[in-house]
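For reference, the structure is listed below as C-alpha cells.
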Amino acid sequence: TQLLEQSPQFLSIQEGENLTVYCNSSSVFSSLQWYRQEPGEGPVLLVTVVTGGEVKKLKRLTFQFGDARKDSSLHITAAQPGDTGLYLCAGARGNNFNKFYFGSGTKLNVKP
Amino acid sequence: GAVVSQHPSWVICKSGTSVKIECRSLDFQATTMFWYRQFPKQSLMLMATSNEGSKATYEQGVEKDKFLINHASLTLSTLTVTSAHPEDSSFYICSATPGLAGSGNEQFFGPGTRLTVL
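Respectively, the protein sequence lines represent chains A and B.
Each residue of the first sequence is one higher than the last, beginning at 1375 in this note's numbering.
Each residue of the second sequence is one higher than the last, beginning at 6 in this note's numbering.
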C-alpha cells in the first residue's frame, strides 16, 4: 500500500501549457519534499515544505503544503520540454525528518 | 552541493551469485544512509536505514539476510544482494545525510545502480 498517492500518474502536454500534480495521503507529515528524476539517475530535490499552508516558488514551479499537512501540490506554469521527467513527492513522518517515504510518481512529458 | 556516488553504475550477474553495491559520500561525512529500490516506471521504495557503526534498520517486508547492509565508515555504506535471483533485478539508489535520522538534514541521492540478474 502506497503511503502517498500522486495524481495524475502520467501527463502529456504541449509546451506552454500549465499543469498541477497532486500528492495525497491520509497521514500527517512533518515535512514533505518534491523531487524530479531523469531516467537512469537519482532523484534531485526541488523543494522542502514543513509548515501547513506553506507556499514556495521556484521560478515557474509553485509548491503548496496542505493546511493539515496531509497533501501537497506542484504547479508548473508555461511548461517547457526541459520539465519532462518523473516527479516524486516524499513525506517524513513523526520525528524522522529525514526518513522519507516516496509517492507513486507522476511521469510528465512536455512536447515541443 | 554534496555529492554521493555509487559503484557500480550497472551490473549483470548470474542467478545465485552475490552482488555488492557501494555508496559513498564524497565531500561530507554521512552519519545516516538510506537504501531504496525502484522498479521500472515505479517510485522509490525505502529498503533500510543505515547508521554508521550500528546495524541497519530494515523496512517491513525487506529480508535482512537477503540484503546485507554494512555502514563501516562515515563515507561508505554497502548493500550486498545475496544469492541474487531475477526478481531482484531493479534500480538500487542510496542517499546520504550528514545528520542522524530525525535531525531534519537534507538527504543527497546517488546516481543509482542498475542490477540485472540473469
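All C-beta atoms, glycine included, are put in the ideal place defined by N, C-alpha and C.
Note that the structure is predicted; figures quoted are calculated from it, not measured.
Residue i versus residue j: straight-line alpha-carbon distance, rounded
{"i": "Gly1426 (chain A)", "j": "Ser1400 (chain A)", "result": "15 Å"}
{"i": "Gly1465 (chain A)", "j": "Leu1385 (chain A)", "result": "22 Å"}
{"i": "Leu81 (chain B)", "j": "Lys60 (chain B)", "result": "14 Å"}
{"i": "Thr87 (chain B)", "j": "Phe96 (chain B)", "result": "16 Å"}
{"i": "Leu1393 (chain A)", "j": "Phe1403 (chain A)", "result": "24 Å"}
{"i": "Phe114 (chain B)", "j": "Thr36 (chain B)", "result": "14 Å"}
{"i": "Leu1482 (chain A)", "j": "Gly66 (chain B)", "result": "30 Å"}
{"i": "Val1395 (chain A)", "j": "Glu64 (chain B)", "result": "27 Å"}
{"i": "Pro116 (chain B)", "j": "Asn56 (chain B)", "result": "20 Å"}
Per-residue burial, residue i [other beta carbons within 10 Å of its own, 16 or more giving buried]
{"i": "Arg42 (chain B)", "result": "buried"}
{"i": "Thr83 (chain B)", "result": "buried"}
{"i": "Phe8 (chain B)", "result": "Note on identity: in this sequence residue 8 (chain B) is Val, with Phe being the wrong assignment. By the neighbour-count rule (16 or more Cβ atoms within 10 Å), Val8 (chain B) is not buried but exposed."}
{"i": "Ala101 (chain B)", "result": "buried"}
{"i": "Leu49 (chain B)", "result": "buried"}
{"i": "Trp15 (chain B)", "result": "exposed"}
{"i": "Leu1432 (chain A)", "result": "exposed"}
{"i": "Lys1473 (chain A)", "result": "buried"}
{"i": "Asp93 (chain B)", "result": "buried"}
Anticipated Cβ contact below 8 Å, residue i with residue j, distance rounded
{"i": "Glu1379 (chain A)", "j": "Asn1398 (chain A)", "result": "5 Å"}
{"i": "Phe39 (chain B)", "j": "Thr54 (chain B)", "result": "6 Å"}
{"i": "Thr1422 (chain A)", "j": "Ser1446 (chain A)", "result": "Contact doesn't hold; Cβ gap of about 11 Å is too wide."}
{"i": "Glu1389 (chain A)", "j": "Ala1453 (chain A)", "result": "6 Å"}
{"i": "Tyr1409 (chain A)", "j": "Leu51 (chain B)", "result": "That pair is no contact at about 14 Å."}
{"i": "His76 (chain B)", "j": "Val122 (chain B)", "result": "Rounded, the Cβ-Cβ distance is 24 Å, inconsistent with contact."}
{"i": "Leu1460 (chain A)", "j": "Gly1477 (chain A)", "result": "The pair is not a contact, with the Cβ atoms about 11 Å apart (cut-off 8 Å)."}
With a cut-off of 8 Å, do at least 3 Cβ pairs link the stretch 1421-1439 of chain A to the stretch 7-27 of chain B? no
Members of the stretch 46-68 of chain B near chain A, C-beta cut-off 8 Å: Lys46, Gln47, Ser48, Leu49, Met50, Leu51 and Thr54
By the 9 Å beta-carbon criterion, what residues does the stretch 1397-1415 of chain A contribute toward chain B? Ser1404, Ser1405, Gln1407, Tyr1409, Gln1411, Gly1414 and Glu1415
Could you please tell me which residues of the stretch 14-38 of chain B, in chain order, have their CB closer than 8 Å to any CB of chain A? Thr37
Can you give me, in chain order, the residues of the stretch 1418-1429 of chain A that have a beta carbon less than 9 Å from any beta carbon in chain B? Val1418, Leu1419, Thr1422 and Val1424
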